[in-house]
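Report on one structure; see the data block that follows.
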Amino acid sequence: MSAAPAVTRPDLFGFLPVWQRNFLVWRKLALPSILGNLADPLIYMLGLGYGLGAMLPEIDGQPYIAFLAAGTICASTMNAATFEALYSSFSRMHVQKTWDAILNTPLGLNDVVAGELFWAATKSFFSGCAILIVITAMGLTNGPTALLILPAIVLTGLAFAALGLIWNALAPSYDFFMYYFTLFITPMTLISGVFFPTDQLPGWLAAIGGWLPLAQGVALIRPLLAGQWPADALIHIMALLATTAIAFTIALRLTRRRLLK
Amino acid sequence: MAALDVSGLHKTYGDTEVVAGLSFTVEPGTCFGLLGPNGAGKTTTLRLCLGLTAPASGSITLGGHVIPADAQAARAKVGVVPQFDNLDPDFTCAENLLVFGRYFGLKDADIRPRIPQLLEFASLAGKADARIATLSGGMKRRLTLARALVANPDIIFLDEPTTGLDPQARHLIWERLKKLKSAGKTLILTTHFMDEAERLCDRLIVIDHGRKIAEGSPRELIATHIEPQVIEVFDESCGQLPDFTENHRHLADRVEQSGETAFFYCRDPQPLLTALADADGLRYVHRASNLEDVFIKLTGRELRD
Numbered sequence: 736m737s738a739a740p741a742v743t744r745p746d747l748f749g750f751l752p753v754w755q756r757n758f759l760v761w762r763k764l765a766l767p768s769i770l771g772n773l774a775d776p777l778i779y780m781l782g783l784g785y786g787l788g789a790m791l792p793e794i795d796g797q798p799y800i801a802f803l804a805a806g807t808i809c810a811s812t813m814n815a816a817t818f819e820a821l822y823s824s825f826s827r828m829h830v831q832k833t834w835d836a837i838l839n840t841p842l843g844l845n846d847v848v849a850g851e852l853f854w855a856a857t858k859s860f861f862s863g864c865a866i867l868i869v870i871t872a873m874g875l876t877n878g879p880t881a882l883l884i885l886p887a888i889v890l891t892g893l894a895f896a897a898l899g900l901i902w903n904a905l906a907p908s909y910d911f912f913m914y915y916f917t918l919f920i921t922p923m924t925l926i927s928g929v930f931f932p933t934d935q936l937p938g939w940l941a942a943i944g945g946w947l948p949l950a951q952g953v954a955l956i957r958p959l960l961a962g963q964w965p966a967d968a969l970i971h972i973m974a975l976l977a978t979t980a981i982a983f984t985i986a987l988r989l990t991r992r993r994l995l996k
Numbered sequence: 003m004a005a006l007d008v009s010g011l012h013k014t015y016g017d018t019e020v021v022a023g024l025s026f027t028v029e030p031g032t033c034f035g036l037l038g039p040n041g042a043g044k045t046t047t048l049r050l051c052l053g054l055t056a057p058a059s060g061s062i063t064l065g066g067h068v069i070p071a072d073a074q075a076a077r078a079k080v081g082v083v084p085q086f087d088n089l090d091p092d093f094t095c096a097e098n099l100l101v102f103g104r105y106f107g108l109k110d111a112d113i114r115p116r117i118p119q120l121l122e123f124a125s126l127a128g129k130a131d132a133r134i135a136t137l138s139g140g141m142k143r144r145l146t147l148a149r150a151l152v153a154n155p156d157i158i159f160l161d162e163p164t165t166g167l168d169p170q171a172r173h174l175i176w177e178r179l180k181k182l183k184s185a186g187k188t189l190i191l192t193t194h195f196m197d198e199a200e201r202l203c204d205r206l207i208v209i210d211h212g213r214k215i216a217e218g219s220p221r222e223l224i225a226t227h228i229e230p231q232v233i234e235v236f237d238e239s240c241g242q243l244p245d246f247t248e249n250h251r252h253l254a255d256r257v258e259q260s261g262e263t264a265f266f267y268c269r270d271p272q273p274l275l276t277a278l279a280d281a282d283g284l285r286y287v288h289r290a291s292n293l294e295d296v297f298i299k300l301t302g303r304e305l306r307d
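As you go down the protein sequences, you meet chains D and V in turn. When you line the first sequence up against the working numbering, it's residues 736 to 996, in that order. When you line the second sequence up against the working numbering, it's residues 3 to 307, in that order.
Okay, structure coming up:
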């Protein structure tokens, strides 16, 4: 056999081969995956946007479909990141033992979990972008600020990927993920201004909603879609980044306790 | 410098001491066996050596690197064949090797030329584009071995490499492992197949309950721990075995009873064979004693779950 090729890997990019692995799998199933991620939110958006929207007055000076479009970008970004960090990461960690195989190489658990974080965020980015493209084609964007939605999708995806990885580290089985959706994701979707403005809610509930990560994404993406600069943009950006950093740290610690005990 | 040096290793899970003061050294270019019944602490020991879990106390040096502090650097020159196949089911054979090479920081341009050689070595030439689901158990094991070699490691860990394989597949794996050893690789092997250990290992240790209970070459262990000849006597439903055993116990150095079989360990088998020739209703097998007899003597006949 030929001589050993030199092993040269900058430690900072240890996550990259893990990300690449997931990307290669995804590439084999890219089209059905994108269509699958696109169909469900679009059906909701078009059905509610035009059906329900026809009965509604304008919201903040825009038709309901435009209001809902921004919420749909956020919700489908959140869902894509969450599904990937829960079900798909769990398959790789617990069922296929892909993580165990990787841990036998020079990579460490931080590389594996970071690779999963960035991958889930990437997949949610594809999802959010797909929705954004359809929305743009429908003429629901207003000017070049819409381009800034792309980094906002990335920040939203990262935060939910990191949060999902915490739950992944704690999960005994797939059934456990249902709690995450019914206790966290679904209620959050309803109080974060995805479907209706939060001023419809009791004050205390709207206040809670305003603190949740989905609301940060909505607060950035809805004005950008309407062609405006988001109020308090820096606060929302920092909130999403902080959520990502803290959740990732917790997820890494919990996963270490689970796999390397 | 030793390929692997383990000294005073302890590992505890809750109240259970899984590894209880283990010490051993593996010389480079040799095959070292880690033997023990299920639950003896073999896999935990391997995980400790790879830095995948931290010891309660003790020291480990792998390929000159201190474990677990410097484990990632150590693993760059180590290949691992795990007990359970964890090949990537979404990939072909070639893709499995490519993706795994990237985990070692290798460039695609360096990995791709190695893939045909690795597949050839694993007798999987022509299977480059085959999906994992289409491979037999033996093929998967061989691909896992090829995968462990992707970064051309100096040291290869094999955790029960032939469990669940048919004899042909086992012999092929053994042949490849011998080839690796003659290429100068260090092999560290756990197994509970004694014929496997006898064939492959230069030195081995037997562990039970996390403790080393014997150490040496297979030949030394057989010579030290056990009589050279064994006669296994089976009862053919006539119920004569207990009487026969009682009356002929003095012809053997040691007798062990296990279910419907009596094992007579002896230096001179002739008197017993003569006696057996006259005994109706009993069948027997006469053979040289082997590592399995040593193993059973040391770890007992009770089932381990």
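For glycine and all other residues, C-beta sits at the position ideal for the given N, C-alpha and C.
Other residues of its chain near residue i: CB distance less than 7 Å, five sequence neighbours each side excluded
i	result
L121 of chain V	C95, A127, K129, A130, A148
V889 of chain D	A856, F860
A887 of chain D	G952, L955, I956, L959
R306 of chain V	P39, N40, G41
L182 of chain V	I158, L189
I794 of chain D	F802, P932
Euclidean distance between Cα positions of residue i and residue j
i	j	result
A741 of chain D	P271 of chain V	Annotation note: pLDDT 45 at A741 of chain D (below 50); position unreliable, coordinate value reported separately. Roughly 59 Å separates the two Cα atoms.
F748 of chain D	Q74 of chain V	14 Å
A950 of chain D	T18 of chain V	48 Å
L189 of chain V	C33 of chain V	4 Å
R991 of chain D	A76 of chain V	19 Å
H12 of chain V	H829 of chain D	27 Å
P792 of chain D	G784 of chain D	12 Å
Q797 of chain D	N877 of chain D	11 Å
L987 of chain D	M790 of chain D	47 Å
P220 of chain V	S862 of chain D	60 Å
S811 of chain D	T921 of chain D	12 Å
L293 of chain V	Y909 of chain D	45 Å
S184 of chain V	T978 of chain D	54 Å
P30 of chain V	A982 of chain D	44 Å
F2 of chain V	H173 of chain V	What the structure shows of chain V is the stretch from 3 to 307, and residue 2 of chain V is not part of that stretch, so it cannot be assessed.
V82 of chain V	L759 of chain D	23 Å
D87 of chain V	T146 of chain V	7 Å
P752 of chain D	V929 of chain D	35 Å
D204 of chain V	T27 of chain V	12 Å
A815 of chain D	T14 of chain V	40 Å
Limits of the unbroken beta strand (DSSP E) element including residue i
i	result
E234 of chain V	231 to 237
V82 of chain V	80 to 83
H67 of chain V	67 to 69
G945 of chain D	From DSSP, G945 of chain D is part of no beta strand (DSSP E) but of the alpha helix (DSSP H) over 938 to 946.
L64 of chain V	59 to 64
Contacting residues, own chain, Cβ-Cβ under 8 Å from residue i (five flanking each side not counted)
i	result
K334 of chain V	The question about residue 334 of chain V has no answer here: the residues shown for chain V are numbered 3 through 307.
L167 of chain V	G139, G140, R143, I175
A774 of chain D	none
V208 of chain V	L37, G38, K214, I215, A216, E217, L223, V296, F297, L300, T301
H250 of chain V	F266, L274, A277
M736 of chain D	Confidence in M736 of chain D is poor, its pLDDT being 45 and thus under 50, which makes the residue's placement unreliable; the coordinate value appears in the next sentence. Closer than 8 Å at the Cβ level, and outside the excluded window around M736 of chain D, lies no residue.
V20 of chain V	K13, T14, G43, T46, G212
Contact test: residue i Cβ vs the ligand COA heavy atom, cutoff 7 Å
i	result
T188 of chain V	This structure lacks the ligand COA; in fact it carries no ligand of any kind.
Residue interval of the alpha helix (DSSP H) (run including residue i)
i	result
A930 of chain D	One detail in the question is off: residue 930 of chain D reads as Phe in this sequence, not Ala. Unbroken run through F930 of chain D: none, as it is neither H nor E.
Y105 of chain V	95 to 105
H250 of chain V	243 to 250
D1026 of chain D	Given a span of 736 to 996 for chain D in the structure shown, any question on residue 1026 of chain D remains unanswerable.
H288 of chain V	Note, H288 of chain V: premise wrong, no alpha helix (DSSP H); beta strand (DSSP E) at 284 to 290.
I920 of chain D	Neither: I920 of chain D is in no alpha helix (DSSP H) and is coded neither H nor E.
L179 of chain V	169 to 184
Residues bridged to residue i (per DSSP)
i	result
L959 of chain D	L959 of chain D is not bridged to any residue.
F26 of chain V	V:V8
Q259 of chain V	V:A264
C33 of chain V	V:L189
E217 of chain V	V:I207
V20 of chain V	In DSSP, V20 of chain V forms no bridge with anything.
Q797 of chain D	D:I794
R133 of chain V	V:T94
D161 of chain V	V:T192
Y779 of chain D	DSSP output for Y779 of chain D lists no bridge partner at all.
Residues near residue i in its chain [Cβ-Cβ closer than 6 Å; skip 5 each side]
i	result
A904 of chain D	A986, L989, T990, R993
Q) Is there contact here, the region 869 to 883 of chain D with the region 830 to 843 of chain D, by at least three beta-carbon pairs under 8 Å? A) Below 8 Å, too few C-beta pairs join the region 869 to 883 of chain D and the region 830 to 843 of chain D to call them touching: fewer than three.
Q.
When you compare the region 892 to 906 of chain D with the region 769 to 784 of chain D, are there three or more beta-carbon pairs, one atom per stretch, that lie closer than 8 Å?
A. Output reads no: the region 769 to 784 of chain D does not touch the region 892 to 906 of chain D.
Q: May I ask you to verify whether the region 55 to 72 of chain V touches the region 208 to 215 of chain V, counting CB pairs closer than 8 Å and requiring at least 3?
A: These segments do not touch.
Q. Taking contact to mean at least 3 C-beta pairs separated by less than 8 Å, is the region 88 to 103 of chain V in contact with the region 36 to 50 of chain V?
A. Contact fails: fewer than three Cβ-Cβ distances are below 8 Å.
Q) Counting pairs of beta carbons, one from the region 230 to 242 of chain V and one from the region 263 to 283 of chain V, are three or more of them closer than 8 Å? A) Here the region 230 to 242 of chain V makes contact with the region 263 to 283 of chain V; the two share three or more CB pairs at distances below 8 Å.
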